[in-house]
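Enquirer:
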Amino acid sequence: MKFTTALFALIPLIYALPAPEGDLGALSARTQGNVRVCVDAGFTGDCTTLHGSSGECVNVPLVFNDNISSVGPDPGQDCFFFMQANCGGSSLGPIRVPGIPNLNIDADVAFNDAISSFS
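Residue numbering for the sequence shown is -16 to -1, 1 to 103, as defined by mature numbering (1 follows the signal peptide of the UniProt record, and there is no 0).
Take a look at the structure:
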C-alpha cells in the first residue's frame, strides 16, 4: 500500500520535468512596425504614428486615408505602402529610414494623397 502511494506521489513530478531544448533558432520575436505619417510634406501638418507588427497589413485610419504626403518608418523597418485597403493595388517600397518627406515629388509613383494601407 505504501509503495502504491509513493508511486502515485511521484507521477506529477514526471510531468513537471523541463522539456528538452529544441531548435530555438527557428523562433523569432515579432517586432513593432511603427510608421510616422503626415498629411503635409516635410512631416508637417496633422501627423500620427501608425502601429503594426512586422509583416502585418495595416489599414490607414479614415482621417489619414488618401491624405498622406510624408512617411517615415522606424529604424530597421522596411515598409511597403499600398493604394488600396488590405494591402491591395499598386505598392511603393520598401521604404526605409529616413522615409519619404514629400510623396508628391520624391516617390517614383504618384503616391501623394493615395495611401490606404501599409505592411
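Note that CB positions come from ideal geometry on N, CA and C, so glycine has one too.
State the beta-bridge partners of Ile52 as determined by DSSP.
Expert: DSSP output for Ile52 lists no bridge partner at all.
Enquirer: Looking at the ligand COA, does it come within less than 6 Å of Asn18, judged from the CB to the closest heavy atom?
Expert: The model depicted lacks the ligand COA and carries no ligand whatsoever.
Enquirer: Restricting to Cα atoms, I'd like to know which of Cys71, Gly73 and Thr28 is closest to Ser54.
Expert: Answer by Cα proximity: Thr28.
Enquirer: Roughly how many whole angstroms lie between the Cα atoms of Val23 and Gly60?
Expert: One C-alpha to the other measures close to 23 Å.
Enquirer: For the beta strand (DSSP E) containing Ile79, name the first residue and the last one.
Expert: Gly72 to Ile79 is the span of the beta strand (DSSP E), which, as asked, contains Ile79.
Enquirer: How would you label Ile89, buried or exposed, when you count the other beta carbons within 10 angstroms and need 16 or more for buried?
Expert: When all chains shown are included, Ile89 counts as exposed.
Enquirer: Figure out for me which residue from Ala25, Asp30 and Ser38 has the closest Cα to the Cα of Asn18.
Expert: Of the listed residues, the one whose Cα sits closest to Asn18 is Ser38.
Enquirer: How about Asp62 and Arg80: do their beta carbons lie closer than 7 Å?
Expert: Cβ distance < 7 Å, so Asp62 and Arg80 count as in contact.
Enquirer: Can you name the residues that DSSP bridges to Cys41?
Expert: Beta-bridge pairing links Cys41 to no other residue.
Enquirer: Can you tell me whether Asn96 is buried or exposed, with buried defined as 16 or more other CB within 10 angstroms of its CB?
Expert: Answer is buried; the Cβ neighbour count reaches 16.
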